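*Asks:* Just dropping this structure here.
Residue numbers (this note's numbering): 28 to 209.
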């Protein structure tokens, strides 16, 4: 048996995999992207709780990696490693922490989009012309965050856009316009 907080998303995935649709055939309180992720995963690997927890382990490792990379861009490798390890230990200290929950995917997408924004801001020299790919990719992951949970995902998208505009000011007015339009 699944614990109740883990079983409901597997049940939603099962319903979806067997032809039912959220909002029409069953109530689903999120935007559908997380349901699609879990449905694809359970179609490939089954509904076993161990498989889902291995997925969660992968999500946690990716979160740790992108947290490290974000801080590495700003502070260097040693500080980034320390902050990433301590930060992830603290992040997982909640008594109801489910490693593959929609909130973990939301956080992962937010960390990934932050990484690409930091790559854009730190780009210089010949990489500057290719900086728009970093902005586009950051926007893609901000969009995935929104599609995972609309309220928090909207805040990620809005504040990322505001941060992009502020950080682009150091690159010049033309770059601000180019970044905001991409």
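The C-beta atom is built at its ideal place from N, Cα and C for all residues, glycine as well.
This structure is a prediction, so every number in the text was calculated from the model and none was measured.
Could you tell me the alpha carbon to alpha carbon distance between residue 108 and residue 95, rounded to whole angstroms?
*Replies:* By one-based count along the chain shown, residue 108 stands at place 81. By one-based count along the chain shown, residue 95 stands at place 68. Taking the straight line from one Cα to the other gives about 6 angstroms.
*Asks:* Taking residue 181 and residue 170 to be in contact with their CB atoms under 8 angstroms, please state how far apart those CB atoms are, rounded to whole angstroms.
*Replies:* Within the chain shown, residue 181 is the residue found at index 154, counting from 1. Within the chain shown, residue 170 is the residue found at index 143, counting from 1. Going by Cβ atoms, the distance from residue 181 to residue 170 rounds to 10 angstroms, so no, they are not a contact pair.
*Asks:* Sorted by chain position, which residues of the same chain lie with C-beta nearer than 6 angstroms to residue 93's C-beta, five sequence neighbours on each side aside?
*Replies:* For the purposes of this step, residue 93 is taken as residue 66 along the chain shown, with counting starting at 1. Here the set comprises 138, 139, 142.
*Asks:* Closer than 7 angstroms by C-beta to residue 187: which residues in its own chain qualify, once you throw out the five before and the five after it? Chain order, please.
*Replies:* Here residue 187 refers to the residue found at position 160 of the chain shown. These residues qualify, in order along the chain: 140, 144, 165, 169.
*Asks:* Can you check DSSP and say which residues form a bridge with residue 53?
*Replies:* The residue labelled residue 53 in the question sits at position 26 within the chain shown. Residue 53 pairs with 49.
*Asks:* Note down the Cα distance separating residue 58 from residue 194, rounded to an integer number of angstroms.
*Replies:* By 1-based counting over the chain shown, the position of residue 58 is 31. By 1-based counting over the chain shown, the position of residue 194 is 167. Their backbone Cα atoms lie some 30 angstroms apart in a straight line.
*Asks:* Around the C-beta of residue 35, are 16 or more other C-beta atoms found within 10 angstroms, so that it is buried, or is it exposed?
*Replies:* For the purposes of this step, residue 35 is taken as the residue at position 8 of the chain shown. With fewer than 16 Cβ atoms within 10 Å of its Cβ, residue 35 is classed as exposed.
*Asks:* Hey, residue 68 and residue 82 are a contact pair by Cβ (cut 8 angstroms); roughly how many whole angstroms apart?
*Replies:* Against the chain shown, residue 68 aligns to sequence position 41. Against the chain shown, residue 82 aligns to sequence position 55. 6 angstroms between Cβ atoms; contact.
*Asks:* Quick one: Cα of residue 211 to Cα of residue 162, how far?
*Replies:* What is shown of the chain runs 28 to 209, which leaves residue 211 out entirely.
*Asks:* Indicate the three-state DSSP secondary structure (helix, strand or coil) for residue 101 in the structure shown.
*Replies:* One-based indexing of the chain shown puts residue 101 at position 74. Helix at residue 101.
*Asks:* Would you kindly report the start and end of the unbroken alpha helix (DSSP H) that includes residue 140?
*Replies:* The residue you call residue 140 lines up with position 113 of the chain shown. From DSSP, the alpha helix (DSSP H) with residue 140 extends over 129-149.
*Asks:* Residue 100 and residue 149 - do their beta-carbons sit closer together than 8 angstroms?
*Replies:* As a position in the chain shown, residue 149 is number 122, starting the count at 1. As a position in the chain shown, residue 100 is number 73, starting the count at 1. Their beta carbons are under 8 angstroms apart, which means residue 149 touches residue 100 by this criterion.
*Asks:* Quick check: the Cα distance between residue 172 and residue 97, rounded to an integer number of angstroms?
*Replies:* Residue 172 sits at position 145 when you count from the first residue of the chain shown. Residue 97 sits at position 70 when you count from the first residue of the chain shown. Roughly 17 angstroms separates the two Cα atoms.
*Asks:* Assign residue 160 to one of three DSSP states: helix, strand, or coil.
*Replies:* On the chain shown, residue 160 is found 133 positions in, with the first residue counted as 1. It is helical.
*Asks:* Near residue 79, what residues of its chain come up, given a Cβ to Cβ distance below 6 angstroms and the 5 sequence neighbours on each side ignored?
*Replies:* Indexing the chain shown from 1 puts residue 79 at position 52. Contacts found: 127.
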